[in-house]
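Colleague: Quick one: structure below, then a few questions.
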Amino acid sequence: MSLFHHHFPGQRPNETIVLFLRRHWIIAFAFVFRLFIMMLIPPIIAGVIYLINPDIEIDQTSGLYILVIELVSIYYLSTFLVYLHSFVDYHLDFWVVTNQRIISIEQNGLFNRTIAELHVEKVQDVSSAVKGKIQTFLNYGHVYIQTAGAIEKFSFDEVPNPSHVAKVILQVHDRMTQQGEFKQHQTHTEHGHTATPQR
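Just so we're aligned, residue 381 is where the sequence shown starts under our numbering, counting upward by one.
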């Protein structure tokens, strides 16, 4: 697995990773499958033409043949670029939940990246949603985080086991809140304590 399970850029001292999330593997499989289908289209068309006219003669020096080769080459190059874009977008999108923060890193195209973070104590509500038969069968979906910060809502899209993710985030939030209340109580106790004057 990725080294991000143990460390990620910008990680703070004493900050530990609780969850490291990518979109479900079926998302990557889907665009690989689409790539495979798209790669088959030119030979399928050539096969159909041959079945319709098996006696067709191909002049490899003709302008039409060269044009077809160029168009097919452009088609395959475009298909590869679409796949590359999808792969980069899938691989570089991830979410990290630590004992202090929730970090969202999303790739937008090949050269743009959006990074957002949320302090755990600002979480107000966490919910999950699984939509449709495929998501239900493969147990993946969306996690929505309502916040009290500048970013009103965080979302993890198409992540595995969204109900478990939501539960863990709430547990981290509760733990952080309890620690904050304990520290606040401890501070008040220390400030409220007065020494007995000596006689």
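We treat Cβ as the ideally placed atom computed from N, Cα and C, and that holds for glycine.
So what does DSSP say about Phe-400, is it helix, strand or coil?
Modeller: strand
Colleague: Hey, could you find the ends of the alpha helix (DSSP H) Gln-515 is sitting in?
Modeller: 512 to 518
Colleague: To the nearest angstrom, report how far apart Lys-513 and Met-556 are at their CA atoms.
Modeller: 36 Å
Colleague: Going by Cα to Cα distance, which pick from Gln-558, Ser-543, Val-476 is closest to Thr-516?
Modeller: Ser-543
Colleague: Are the Cβ atoms of Ile-397 and Val-476 separated by less than 9 Å?
Modeller: In this structure, the beta-carbon distance from Ile-397 to Val-476 falls below 9 Å.
Colleague: Strictly by DSSP, which residues pair up with Val-412?
Modeller: Bridge partners of Val-412: none, in fact.
Colleague: Report back the beta-carbon spacing between Tyr-456 and Ala-408 to the nearest angstrom; my notes put them in contact at under 8 Å.
Modeller: About 21 Å; that fails the 8 Å criterion.
Colleague: So the alpha helix (DSSP H) Glu-497 belongs to, where does it begin and stop?
Modeller: Per DSSP, Glu-497 belongs to no alpha helix (DSSP H); it is in the beta strand (DSSP E), 492 to 499.
Colleague: As a quick exercise: from Pro-540, Ala-410, Glu-437, pick the residue whose alpha carbon is nearest that of Ser-508.
Modeller: It is Pro-540 whose Cα lies nearest to the Cα of Ser-508.
Colleague: Near Phe-536, what residues of its chain come up, given a Cβ to Cβ distance below 7 Å and the 5 sequence neighbours on each side ignored?
Modeller: Leu-401, Trp-475, His-522, Val-523, Val-545
Colleague: Can you tell me the Cα-Cα spacing of Phe-384 and Ser-484, whole angstroms?
Modeller: Its pLDDT being 47, under 50, Phe-384 is placed unreliably in this model, and the coordinates cannot settle the point.
Colleague: What are the start and end residues of the alpha helix (DSSP H) that includes Glu-450?
Modeller: 443 to 472
Colleague: Any idea if Ile-525 is buried or exposed, counting beta-carbon neighbours within 10 angstroms, 16 or more meaning buried?
Modeller: buried
Colleague: What do you reckon, are the CB atoms on Arg-403 and Gln-480 nearer than 9 Å?
Modeller: no
Colleague: Could you tell me if the beta carbon of Tyr-456 falls within a distance shorter than 8 Å of some heavy atom in the ligand MG?
Modeller: Ligands displayed in this structure: none; no statement on the ligand MG is therefore possible.
Colleague: Write down the C-beta distance between Leu-472 and Gln-487 rounded to the nearest angstrom, noting that I regard them as a contact closer than 8 Å.
Modeller: 4 Å
Colleague: For Leu-518, which residues from the same chain have a beta carbon less than 6 Å from its beta carbon, with the 5 sequence-adjacent residues on both sides left out?
Modeller: Ile-406
Colleague: Does DSSP classify Pro-422 as helix, strand or coil?
Modeller: Secondary structure at Pro-422: helix, using DSSP grouped into helix, strand and coil.
Colleague: How is Gly-521 classed by DSSP in three states: helix, strand or coil?
Modeller: strand
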